[in-house]
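In my numbering, the protein residues as written are 175 to 283.
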C-alpha cells in the first residue's frame, strides 16, 4: 500500500516540478506542431522550436523562414494563419510566438 501512495506522490511532484521548470512538451506534440507548420507551402525550415506548459495551456515559440521578397503584409498574414491552425489543434488559449526570418535565393541563410 505504501508503494502505491509513494508512486502517486512521485507522479504528482514530478508533474509540478516539470511545470515549474518549464519542461518542454512531449516529443510527439512537438512533432505535430512542426507538421502543422510544414503544411504552409511558402514557409520553410521551422526551427528553434521551444514549447512548455503554462498551467493547462501550451506555449509555443518558433522561427520560420520565408522568401525575403515576400511583402510584410503577406508574412504577417501567414504567421496569423499558422497561429490559428495551432490554436485550433491545441486550444484557443495556446500562446504562440512566431519569428519570421528572410531567405534569399542568393544567400546562405
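Using N, Cα and C, we set each Cβ at its ideal position, and we do this for glycine too.
| Check | Outcome |
| --- | --- |
| Residues sharing a beta bridge with residue 236, DSSP | 272 |
| Outcome for residue 232 when other beta-carbon atoms lying within 10 angstroms are tallied against a minimum of 16 | buried |
| Outcome for residue 245 when other beta-carbon atoms lying within 10 angstroms are tallied against a minimum of 16 | exposed |
| CB-CB length for residue 228 against residue 253, believed under 8 angstroms | With a Cβ gap of about 20 angstroms, residue 228 and residue 253 do not count as contacting. |
| Cβ neighbour criterion (16 or more within 10 Å) applied to residue 220 | buried |
| Neighbour-count burial assignment, residue 238, 16 or more Cβ in a 10 Å radius | buried |
| Alpha helix (DSSP H) segment containing residue 246, residue limits | 246 to 264 |
| Residue closest to residue 270, alpha-carbon to alpha-carbon, out of 258, 277, 248 and 276 | 258 |
| CB contact flag (residue 218, residue 267, <8 angstroms) | no |
| Per-residue DSSP class, three states only, for residue 208 | helix |
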